[in-house]
Amino acid sequence: MGKMLNKEDAKEVLNILNGLYPEAKCELNFSSPFQLLVATILSAQTTDKKVNQVTEKLFEDYPDLDSFLGISQEELQERIKTIGLYKGKSSNIIKMCKTLKENFNGRVPDNYEDLISLAGVGRKTANVVLSNVFNVPAIAVDTHVFRVSNRIGLADSEDVFQTEKDLMGNIDKDMWSKAHHLLIFHGRRICKARKPLCEECPVDKYCHYFKENILSIKEDI
6 MGKMLNKEDA
16 KEVLNILNGL
26 YPEAKCELNF
36 SSPFQLLVAT
46 ILSAQTTDKK
56 VNQVTEKLFE
66 DYPDLDSFLG
76 ISQEELQERI
86 KTIGLYKGKS
96 SNIIKMCKTL
106 KENFNGRVPD
116 NYEDLISLAG
126 VGRKTANVVL
136 SNVFNVPAIA
146 VDTHVFRVSN
156 RIGLADSEDV
166 FQTEKDLMGN
176 IDKDMWSKAH
186 HLLIFHGRRI
196 CKARKPLCEE
206 CPVDKYCHYF
216 KENILSIKED
226 I
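The structure is reproduced here in structure tokens:
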């Protein structure tokens with residue numbers, strides 16, 4: 006792994022990305038904390054676009070917790086079968102709904118500990134819900150955030166949890182949630198997994214990956 010950027014350079018990277026993606030926000034469609042919780046559980050190892058295609062009709066027919074409590078696991082599986090891991094996700098969502106009703110009076114918890122007590126909810130999902138519906142500063146490390154932050158040098162870890170800690174230490178708290186969205190947007194549009202568009206990247210002069218894999222090759226030619 007490369008060396009992390011200092012806080013001043015990290016701030017400049019985020020300023021550049023913020024200028025590039027001023028509209029950066031959660032790309033999952035939802036109209037309530039409950040819908041975002043369901044959509045985020047569904048989003049594991051699949052795209053937000055695919056999730057939105059499924060939830061458009063799902064949330065129209067089952068818009069809230071009480072309606073979800075009336076759906077069978079078999080029907081939910083049928084509804085989401087175009088999404089990866091649909092059997093496990095449907096099982097977790099059914100369990101999660103029952104727990105919300107029995108333990109939390111039907112309301113999505115607004116704290117990390119209670120959220121991760123729900124079936125199918127890990128660190129990433131909890132942080133997505135906290136930051137997007139409860140305005141709690143959080144950095145949810147998904148595959149894009151992990152890849153982009155470690156490539157650029159905002160983090161320096163091969164571990165998701167340590168990457169989150171690196172980002173929290175290197176980014177001002179009031180920018181945590183925004184940084185999460187900026188890194189996702191950049192990962193989807195330019196800093197792609199297989200073929201990053203380094204020649205189009207406005208943060209290349211800060212980026213460790215660019216310096217080590219692109220610039221060094223050019224200098225050797």
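Heads up: the sequence shown begins at 6 in the working numbering, then just goes up one per residue.
Glycine included, every Cβ here is placed at the ideal spot set by N, Cα and C.
Distance CB(residue i)-CB(residue j) smaller than 9 Å
i    : j    : result
L187 : L19  : yes
A124 : N132 : no
I176 : H149 : no
D119 : P142 : no
N34  : F73  : no
Residue i burial status per 10 Å Cβ neighbour count (16 or more: buried)
i    : result
E204 : exposed
K94  : buried
P27  : exposed
R152 : buried
S77  : exposed
A15  : buried
Q167 : exposed
Q50  : exposed
Residue i versus the options, residue with shortest Cα-Cα distance
i    : options                 : result
N157 : W181, K170 and N218     : Here residue 157 turns out to be Ile, not Asn, going by the sequence shown. With distances taken between Cα atoms, I157 lies closest to N218.
T60  : M173, T87 and G75       : T87
R194 : C206, G89, S36 and N140 : C206
K183 : N140, D209 and V208     : N140
L10  : Y214, A160 and V208     : A160
T104 : V126, G174 and L172     : V126
Three-state secondary structure (DSSP) of residue i
i    : result
Q78  : helix
L202 : coil
S48  : coil
I226 : The predicted model places I226 with a pLDDT of 45, which falls under 50 and marks its position as unreliable, so this point remains unresolved.
K30  : coil
R112 : coil
L10  : coil
L212 : According to the sequence displayed, residue 212 carries Cys and not Leu. Reduced to three states, the DSSP call for C212 is coil.
L123 : coil
Proximity test, Cβ basis, 9 Å: residue i and chain B
i    : result
I195 : Going by chain labels, chain B is absent from the structure shown, which holds only one protein chain.
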